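Each remark here refers to the structure printed beneath this line.
Number of protein chains: 2
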Amino acid sequence: MGEGPRLIAALDNPRAQLGPLAGSLRDVVVGFKVGMPVLVAKGIGALRELRDAAGDSLIIADLKLADIGDVMVRTAEVLKGYVDVVIAHSFVGHAGALDKLKEYLDREGLKLALVTSMSHEGSYEFYDRELISVESLVARLRPWGLVAPATRPWIVRRLRDDLGSEFRILAPGIGTQGAVPGSALCAGADYEIVGRSIVEATNPRVAAEELLRAQEEAIKRCRA
Amino acid sequence: MGEGPRLIAALDNPRAQLGPLAGSLRDVVVGFKVGMPVLVAKGIGALRELRDAAGDSLIIADLKLADIGDVMVRTAEVLKGYVDVVIAHSFVGHAGALDKLKEYLDREGLKLALVTSMSHEGSYEFYDRELISVESLVARLRPWGLVAPATRPWIVRRLRDDLGSEFRILAPGIGTQGAVPGSALCAGADYEIVGRSIVEATNPRVAAEELLRAQEEAIKRCRA
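Top to bottom, those sequences are chains A and B. Residue 1 in the numbering used here is what sits at position 1 of the first sequence, and the numbering runs on without skipping anything. Heads up: take any position in the second sequence, counting from 1, add 224, and you land on the numbering used here.
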């Protein structure tokens, strides 16, 4: 990837004004991730507001889709026109689930990002035990991107080493969840996703700019 | 469980009028399950309409929550007051995920139903390989209910045999997805969840009544 912004802002607060927030951040971050609390509270209206304010920034629907294919496709139909990337869980598998979703998203020119592992401790209990199978699924399905935890950089590193440079790796877990800005980039991620450290800051734009600087310094150090 | 209705209607069509539909079905079914396509399209307004029309029927938010604990709790906060049951995925694990969600739901008097296996073929690829771990999680977390596929009655039977009668088992997959009405009840489920066969029928209430009769006949046969 190039040297453009490597920060995605997670807008996960149902009380936040998405339009103004996105407007103030759009030239600092590469995109916006909107999570389920916001989408359920505000419905598709929230995405309409965000799409208008976000300009060319990527909009990522982080509903972590994890249903049978038909239901995931119907959800994607609702999101179409407002988002660029749809996040789904690897765990639902290919047959009758991600195969159908991927086919639909390809047809509509939308991107799929697959959760491969998660940032909380419970990810060890199921997800991380299945990492080899998740990698096989990724190699077969060839999604646009992978979601992998900044809190466990060795998983980011392993995905990059095993799967090559074809996939964008998006890493949540920076800031409040514990990972240091730039650490996932150094491990091989393309983008770091930051939520509370930006949206709960007194000045979200200043917070995002500070994060960008911290990323740049970290990259300089890890490449030195 | 008693001998009351054992049918849950899945209202998964974003174009359906939830209020009138629920009003016509409320004395035939035990509850309503609302899926993600509807909730994302209509937002919380859809649940308000449903709550008003559904009377004492159970309302089940089928967002198949599968995120870190904080995000699932924030989603549940949005749902509170409109739904009785929240469905989440087992595979996100206990620590930092379902532990937090369960604690919140208990405090708010809401019920948790855990997905243990799914009705599509891809459930074999990850979920069903982890069934022993899923059962351990259930025994530890003690949710109100389990979601298990009517399309694989041996999984329903196994959950009932292994985990006892403490948990309600809710079985989707009846009708369009292939399982015959009553088959999951005979395998040990408490409720069968039916979507398209009801909501896409010319007369949903008549369709639901026919399904109830088919359930009763199946139960008579399997208990004979």
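Note that CB positions come from ideal geometry on N, CA and C, so glycine has one too. Source: prediction; values computed, not measured.
Note to self: Need the endpoints of the alpha helix (DSSP H) that Arg382/B sits in, please.
What the structure shows: Sequence index remark: in the second sequence, residue 382/B carries index 158 (1-based). According to the DSSP assignment, Arg382/B belongs to the alpha helix (DSSP H) that extends over Pro377 to Leu387.
Next item on the list: Determine, using beta-carbon pairs with one atom in the region 187-201 of chain A and one in the region 145-162 of chain A, whether at least three such pairs fall under 8 Å.
Entry: Touching, yes.
Next item on the list: Within the same chain, show all residues whose beta-carbon is closer than 8 Å to that of Val28/A, passing over the 5 residues directly before and after it, in chain order.
Entry: If you number the first sequence from 1, residue 28/A lands on position 28. Around Val28/A: Pro5, Leu7, Arg205, Ala208, Glu209 and Leu212.
Checklist line | Straight-line gap, Thr340/B to Ser347/B (C-alpha atoms, nearest Å) | finding: Residue numbering aside, residue 340/B sits at position 116 when the second sequence is read from its first letter. Residue numbering aside, residue 347/B sits at position 123 when the second sequence is read from its first letter. Between Thr340/B and Ser347/B, the C-alpha separation is close to 10 Å.
Margin query: 9 Å is my cut-off, CB to CB: does Ser341/B come that close to chain A?
Written below: For the purposes of this step, residue 341/B is identified with residue 117 of the second sequence, where counting begins at 1. Cβ-Cβ to chain A under 9 Å: no for Ser341/B.
Next item on the list: Could you work out which residues of chain A lie near Glu345/B, taking near to mean beta carbons separated by less than 7 Å?
Entry: Locating residue 345/B in the second sequence gives position 121, counting from the first residue. What Glu345/B touches in chain A: Ala95 and Gly96.
Checklist line | Integer Cβ distance of Ile44/A from Val86/A, believed to fall under 8 Å | finding: Mapped onto the first sequence, residue 44/A falls at position 44. Mapped onto the first sequence, residue 86/A falls at position 86. Not quite, the Cβ-Cβ distance comes to about 14 Å (not below 8 Å), so this is no contact.
Notebook entry, point to check: Of all the CB atoms in chain B, is at least one closer than 9 Å to the CB of Gln177/A?
Noted result: Along the first sequence, one-based indexing puts residue 177/A at 177. At a cut-off of 9 Å, the C-beta of Gln177/A has a neighbouring C-beta in chain B.
Check: Who does His313/B pair with in a DSSP beta bridge?
Finding: Position 89 of the second sequence, counted from the first residue, corresponds to residue 313/B. His313/B is bridged to Val339/B.
Note to self: So, with DSSP's three-state summary, where would you put Val254/B?
What the structure shows: Residue mapping note: residue 254/B aligns to position 30 of the second sequence, counting from 1. Note: Val254/B maps to coil in three-state DSSP.
Next item on the list: Quick one: list the residues of chain A neighbouring Ala425/B, beta-carbon separation under 9 Å, in chain order.
Entry: Position 201 of the second sequence, counted from the first residue, corresponds to residue 425/B. Per Cβ cutoff of 9 Å: no residues; Ala425/B is ~17 Å from chain A at best.
Next item on the list: Give the residues of chain B in contact with Ser133/A, contact being defined as C-beta atoms less than 9 Å apart.
Entry: As a first step, residue 133/A must be located in the first sequence, where it is residue number 133. By Cβ distance, chain B contributes Glu349, Phe350 and Arg353.
Margin query: On the DSSP letters alone, give me the boundaries of the alpha helix (DSSP H) that Ile292/B sits inside.
Written below: Numbered from its first residue, the second sequence carries residue 292/B at position 68. For Ile292/B, no alpha helix (DSSP H) segment is defined, and its DSSP state is neither H nor E.
Checklist line | Check whether Ala66/A and Ala234/B have beta carbons under 9 Å apart | finding: Sequence index remark: in the first sequence, residue 66/A carries index 66 (1-based). Sequence index remark: in the second sequence, residue 234/B carries index 10 (1-based). No. Outside cutoff.
Note to self: Looking at the secondary structure, which residues open and close the beta strand (DSSP E) in which Thr145/A lies?
What the structure shows: Along the first sequence, read from residue 1 onward, the residue named residue 145/A stands at position 145. As written in the sequence, residue 145/A is Gly, which differs from the Thr given in the question. That run of the beta strand (DSSP E) goes Gly145 to Val147.
Margin query: Under DSSP, the beta strand (DSSP E) around Arg213/A begins and ends at which residues?
Written below: Taking the first residue of the first sequence as 1, we reach residue 213/A at position 213. Counting along the chain, Arg213/A falls outside any beta strand (DSSP E), though it belongs to the alpha helix (DSSP H) covering Pro204 to Arg223.
Notebook entry, point to check: From Ala312/B to Ala224/A, what does the alpha carbon distance come to, in whole angstroms?
Noted result: As a first step, residue 312/B is located in the second sequence; it is residue number 88 there, counting from the start. As a first step, residue 224/A is located in the first sequence; it is residue number 224 there, counting from the start. If I take the Cα positions, the gap works out to 44 Å.
Notebook entry, point to check: Alpha carbon to alpha carbon, what distance is there between Gly145/A and Gly2/A?
Noted result: As a working mapping, residue 2/A is identified with position 2 in the first sequence. As a working mapping, residue 145/A is identified with position 145 in the first sequence. Interpretation of Gly2/A is limited by its pLDDT of 48, a score under 50 that renders its predicted location unreliable; no figure is taken from the coordinates.
Check: DSSP on Arg15/A, reduced to helix/strand/coil?
Finding: Your numbering for residue 15/A matches position 15 in the first sequence. Coil.
Item checked: For Leu110/A, three-class secondary structure by DSSP -> Numbered from 1 along the first sequence, position 110 holds the residue referred to as residue 110/A. The answer is coil: DSSP assigns Leu110/A none of H, G, I, E or B.
Next item on the list: Rank Leu355/B, Ile284/B, Asp308/B and Gly279/B by C-alpha distance to the C-alpha of Val262/B and give the top, closest one.
Entry: As a working mapping, residue 262/B is identified with position 38 in the second sequence. Residue Ile284/B holds the alpha-carbon nearest to the alpha-carbon of Val262/B among Leu355/B, Ile284/B, Asp308/B and Gly279/B.
Note to self: Strictly below 7 Å CB to CB, what residues from chain B border Ile68/A?
What the structure shows: Within the first sequence, residue 68/A is the residue found at index 68, counting from 1. By Cβ distance, chain B contributes Met342, Ser343 and His344.
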